DNA sequence: GACGCGATGTAA
DNA sequence: TACATCGCGTCC
C-alpha cells in the first residue's frame, strides 16, 4: 500500500473532497489489515458554513484540530458513534471533509465480526458504520492521515462522480442546499437517506 | 416511522 | 441544568 503524499492535502477543500473518492483507508489493526475504499464524502467549509462545527470560527477542545494543517484526522462522537474527517485548507482555516461511506476491500471477516448481524451492504454505508467496521476510535484524533497505523493509500481511479446536497443538516439555513456531497455514481455502498 | 442512546457544545 | 446534534439499532 502506497501512502498518499502530504502534498495531496494541500488543495482546495471541495477538490480534495472529490479527490478522496477511490482512496483507500488502511487500518493496521491488531486483528489484521482492514481496508475500505472511500465512496462518499461531504465538505464542511469552516467559518462560513452554518452546518460546520467550526462555523463562525467556533474553537473548542473538539474543533481545535480543524484549525491545524490539512491532512490531520478529526474524529468526534455523535451520540454513541465515532465519525471521522480529513482536515482541509491551510492552518487557521477550519475546514474538514467527512467520510460518509466506504466499500469493504480487505479484512472482510473482521468487518463481519465488528458489524455483527448486519448484511454486507450495511457494514460501511454510513459515517458511524464505517468507523465501527474499520475499528476506528477516538484515539486517532489529531493524528495525521499519512502515518501508520491509520492512513490513506492510493487506491482506485473513480471514473464517475455525482454531486448533491449534504445529509443530516436540516437545521442549517441556506447551507442545506449547498452541493458539498460527493459520491461514486452507482456505488452500492453509498449511504442512504433515512 | 418512532424512540433511546449519550459525547460534546450551547443556552439558560 | 436542559436541550440540540454532520447517526444508528431496535422496536412498532
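In the working numbering, the protein residues as written are 39 to 232. Positions of the beta carbon are idealized from the N, C-alpha and C atoms, including for glycine. If you're wondering where the values come from, they're calculated on a predicted model, not measured in any experiment.
- For residue 108, no beta strand (DSSP E) encloses it, and the DSSP letter there is neither H nor E.
- The alpha helix (DSSP H) runs of length 4 or more contained entirely in the stretch 51 to 98 are, from start to end of the chain, 51 to 57.
- For a cut-off of 8 Å, the C-beta gap from residue 175 to residue 120 is around 6 Å, short enough to register as a contact.
- For residue 169, same chain residues with a beta-carbon under 6 Å away, outside a window of 5 residues either side, are 120, 122 in chain order.
- For residue 144, the secondary structure class from DSSP, reduced to helix, strand or coil, is strand.
- In this structure, DSSP gives residue 169 a helical state, which the three-state scheme calls helix.
- In the structure shown, the three-state DSSP call for residue 202 is strand.
- In this structure, the alpha-carbon of residue 158 lies about 29 Å from that of residue 217.
- Looking at 155, 147, 101, the one whose alpha-carbon comes closest to that of residue 82 is 101.
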